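Visitor:
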Amino acid sequence: MKKSILIAGSNMRRAKGQTISIMILIVLASAMMNLWLMLQTDYRRNFDRYHEKLHAGHVTLVVSSMDGQMRDGITEILNQDERTVEYDMADALSMVGSFACNGGEINTEFVILEKEAAGNRRMEQIEMIGADQAGENTQTKKAGDEQEKPAGGIYLPMLYSGAGGYAVGDTLELSIGSGKRTYEVCGFTNSVMMGSHNCSMSVCLLTKEAYEELEDSGLAPASTLISVRIRNQEESEEYEAMLTDEVAARFPDVRMLSNACSLVAESRYISQMICAGILSVMACLVTLIALVVIASGIVNDIQENMKMLGALKAVGYQSRQIIAALLLQFSGITLFACIPGIAISYALFPALNQMMISQTGIPYEIHVLPLPSLLTLILPTGAVAAAVWAAARRINKIEPVTALRQGVQTHSFRRSHIPLDQTRLPLVPALGVKTACMGIRQNITISITMCVLSLVIVFAGLMVENVIFDMDPFLNLIVGEVADSCINVNVDAEEEFLDRMQEEERVEKLWLYHSEEVRHVDGVTLMATMSDDFSKANNQDICVYGRYPRYENEVAVAAKYAGEKELKIGDLITLSANGKEAEYLITGMTQISNNLGKDCLLTRDGYERMGAISNASYYFNLREGTDIDTFHEEIKEQYGADVNATINILAVVGGSASVYVTLMTIIVIAILLLGAAVVLFVLYLLVRTMLNYKRKEYGILKALGFTTGQLMLQTAVAFLPAVIVSTAAGILISALVINPLTALFLRGIGIVKCTFTVPLGFITAGGAGLVLFAFLSACLMSNRIRKIAPTSLLAGE
């Protein structure tokens, strides 16, 4: 062992630059690996910790009634189910509402509780964050005052705090139902099941005076909030489906909101899933590049230092000792480099955590995680050890005498593909191309590196084109149907409303696009979206297989859910709503992420086979230049209480999607910088190896009259064929597979087929830029040729 340590130390002293470069690659890989493992393991479990800490329910139900008979009926349903462990009922107000946030508008189903009453709940406790008493005693100013003060205090979910959101003391204008209320932000809350618009409902706390005023106004119906804990958390969706179905059957006139723990957990960690997926791929790719570089370097070192190997074997060193020295050398480098990589990951994690919180809305306390750190030490070290052993096995076959003669063959009889006496190329480029044709291992390393980075270029181009510059493809894929406006009206006023809108000059198109919950009899609750004619929808790509439903006995089911339940087009499926069941023929498969792949499409007549709707939502395309908010105000004034809600969809989408745009912008910049760094370090190692291997040849060429500049150009040209071919092939292959790969990443939120536009211009320019950057980097790294002097080489002989 002592001899192996001495050899390893000698190798590292001889190759300091190589050691530093490999360490930097491992540092980058280990930093990303540790971030990935932290996000994938402990960060995701943070939801479960808070769920237990706040004693949250596994199923949440909000019913738009406080009737005692209704509450008794729900109590009976809960008590009859053996899965029920405990439950809690509380008074609440509930209604669709919106407010400005993140440069857009947040629209969600609000569950409003009185602050003190919320604090006394034994279940579904709400954690107060950054709260004070700023709005506790505020009063509305008298008429005639110069400016009206907020009517009371409000406590928002912490998702809406921070950059682009609100701070304590800010004024918030809340549009709820057909009216508006202005409140002072007194603080923020953390609610596991109701802390985000991604939870199907968002909880807001009001001070006592503000709550009573809103209750008296009638803008938000008096409701009952029910939180239920069950024996097996994994059955939360099935339990939710049972509960909503039973309540709808007994009380068909009430309006319900519900969610289940498993679905809420998935919806609140979408950004974590995306970021963890990208980090895992990048960590694996950089590790792969490092392994290829290490293996190639070992093979070249064996060839370059053949005489030294022969001398070592001649004086008594065994092959296994030399291989052990290499294993010790590179495993030690890797192990040592992983430590600063882990430290860097912890330094970057606070910024990453802030990005994640802007989507999860759940605080996370950063702490040292032993398991991810241990895996980050073990996995790269084990991979490097395997690569070193595979590359160094050839040492066993090298005999001392052969090694002392510099190898088995003293001459090469391979065909010369670039005969210098016949080529039409200038001498310097011809020498470079000739070197490229002879450097097989070098070409393999370059090809793998450039193919990997080509995938990075194509992914970056895809995100820039479809998310950052033009968000419409992203919205069509993730959100589904997008329009300018949505207006929900009572069905009693629907006919008059439609007649009026048909005559409205500002309206280009309107269509029914209304959602209600239904239950798959053999499964869970699905969000059913209905329309009279799906051909009017703006986004015709929601149905990815088959066709939209046209008749009352047809349905299109989410492709992800259909895959889980082994459903296919042409199958019959039984749905229930309002206590009634109906059978439908599956005509198509859909994909949107609004309900994480648990949804379906029905015609209105199809839904009404199970029950009538009390209100209807219509989507609008408005003429260019129309002020959407002004249009909504006029509609509210004209129809009053018959208009339940108006939604500025463009503003809502802008506010919600801004988080993902920011996240993707940061990711694209980070992976491009990382790609540039990888190119630099890989080329540094390859150029260094080439210069060491061909040091005498360069000295002879200099003695013959070649200038340093010509030799630098020759060295850089030697890398160009492999760079150009592998980059072109990598770009082409990546362009073909990038959409299926993206769909694979997004499968968890219901996406099975990605239809992003591949920006051919961007990726072509990116590929050309990558080739140019590699060429210039090789020229820069070749600057060491200046230090090669023919006289010193002759003196060494």
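So for the sequence shown, this note's numbering puts the first residue at -14; every next one is plus one. For every residue, glycine included, the Cβ atom is placed at its ideal position computed from N, Cα and C. Values in this document were obtained by computation on a predicted structure and should not be read as measured data.
1. By how many angstroms is the C-alpha of Phe459 removed from the C-alpha of Asp584?
2. What's the gap between the Cα of Ala368 and the Cα of Leu729?
3. Can you tell me which of Asp238, Cys764, Gln576 puts its alpha carbon nearest to the alpha carbon of Tyr669?
4. Less than 8 angstroms between the C-beta atoms of Val96 and Tyr224, yes or no?
5. Is Lys679 helix, strand or coil when you go by DSSP?
6. Look at the alpha carbon of Val476 and the alpha carbon of Val249, and state the distance between them as a whole number of angstroms.
7. Using a Cβ-Cβ cut-off of 7 angstroms (strictly less than) and excluding sequence neighbours within five positions of Ala275, which residues of its own chain qualify?
8. Report, in whole angstroms, the separation of the C-beta atoms of Tyr168 and Ile211, which I expect to be a contact under 8 angstroms.
9. So, helix, strand or coil for Cys171, using DSSP?
10. My understanding is that Ile723 touches Ser578, with C-beta atoms under 8 angstroms, so please give their C-beta distance in whole angstroms.
11. What is the residue span of the alpha helix (DSSP H) that Leu313 lies within?
12. Using a Cβ-Cβ cut-off of 7 angstroms (strictly less than) and excluding sequence neighbours within five positions of Ser252, which residues of its own chain qualify?
13. Grab me the residues of Val188's own chain with a C-beta within less than 6 angstroms of its C-beta, minus the 5 sequence neighbours each way, in chain order.
14. Rounding to the nearest angstrom, what Cα-Cα distance links Phe616 and Val637 in this structure?
15. Between Pro325 and the rest of its own chain, which residues show a CB-CB distance below 6 angstroms, the 5 nearest in sequence each way excluded?
16. Any idea what DSSP makes of Glu197, helix, strand or coil?
17. Could you tell me which residues DSSP pairs with Glu539 in its beta bridges?
18. Whether or not the region 607 to 624 and the region 496 to 509 are in contact is what I'm after, with contact meaning three or more pairs of Cβ atoms, one per stretch, closer than 8 angstroms; do they touch?
19. Can you look up Thr156 in the DSSP assignment and give me helix, strand or coil?
20. To the nearest angstrom, report how far apart Ile773 and Leu686 are at their CA atoms.
21. Which whole runs of the alpha helix (DSSP H) in the region 674 to 744 are 4 residues long or more, in chain order?
22. If you follow the beta strand (DSSP E) that Lys607 is part of, which residue opens it and which one closes it?
23. Taking only runs that begin and end inside the region 489 to 527, name each unbroken beta strand (DSSP E) of 3 or more residues, in chain order.
24. Do you know offhand how far Glu481's Cα is from Thr588's?
25. Using 10 angstroms around the beta-carbon of Gly715, count the other beta-carbons present and answer buried if the total reaches 16, otherwise exposed.
26. Report the partner residues of Lys565 according to the DSSP bridge assignment.
27. Could you tell me if Gln3 is buried or exposed, where buried requires 16 or more neighbouring beta carbons within 10 angstroms of its beta carbon?
28. Round the Cβ separation of Ser256 and Gln427 to the nearest angstrom and send it over; I've been treating them as touching at under 8 angstroms.
29. By alpha-carbon positions, which one of Ala332, Pro706, Leu63, Ala375 ends up nearest to Met17?
30. So is Val70 buried or exposed if we call it buried at 16+ other beta carbons inside 10 Å?
31. Using 10 angstroms around the beta-carbon of Glu609, count the other beta-carbons present and answer buried if the total reaches 16, otherwise exposed.
32. Within a Cβ cutoff of 7 angstroms, which residues of the same chain sit near Ala478, ignoring the five residues on either side of it in sequence?
33. Name the residue from Ala370, Pro206, Tyr603, Val542 whose alpha carbon lies nearest to the alpha carbon of Ile308.
34. Below 8 angstroms on the Cβ atoms is my guess for Phe605 versus Ser500; work out the distance and round it to an integer in Å.
35. With Met108 and Thr174 assumed to form a contact (beta carbons below 8 angstroms), what rounded beta-carbon distance in angstroms separates them?
36. What residue from Arg(-2), Ala468, Glu37, Thr712 has the CA that sits closest to Ile429's CA?
Guide: Working from what's here:
1. Straight-line Cα distance between these residues: approximately 19 angstroms.
2. Here the C-alpha atom of Ala368 lies approximately 25 angstroms from the C-alpha atom of Leu729.
3. Cys764
4. no
5. In the three-state reduction of the DSSP assignment, Lys679 falls in the coil class, being assigned neither a helical nor a strand state.
6. Rounded to the nearest angstrom, the two C-alpha atoms are 31 angstroms apart.
7. Ile7, Leu10, Ile11, Ala14
8. At roughly 26 angstroms, the Cβ-Cβ gap does not stay under 8 angstroms, so Tyr168 and Ile211 are not in contact.
9. It is a strand residue.
10. Contact flag wrong, Cβ pair sits at about 19 angstroms.
11. 304 to 345
12. Asn183, Cys184, Leu581
13. Hits under 6 angstroms: Val96, Ser176, Met179.
14. 16 angstroms
15. Val12
16. helix
17. Leu570
18. Output reads no: the region 607 to 624 does not touch the region 496 to 509.
19. strand
20. 11 angstroms
21. 680 to 689, 693 to 730
22. In the sequence as displayed, the identity of residue 607 is Leu instead of Lys. Here the beta strand (DSSP E) through Leu607 covers 600 to 607.
23. 492 to 497, 499 to 505, 510 to 516
24. 21 angstroms
25. buried
26. Paired residue(s): Ala562.
27. buried
28. 40 angstroms between Cβ atoms; not a contact.
29. Ala332
30. Counting Cβ neighbours within 10 Å, Val70 comes out exposed, since fewer than 16 surround it.
31. exposed
32. Tyr624, Asp627
33. Ala370
34. Their Cβ separation, rounded to whole angstroms, is 16 angstroms, which puts Phe605 and Ser500 out of contact at 8 angstroms.
35. Actually they do not touch by this definition, with Cβ atoms about 15 angstroms apart.
36. Thr712
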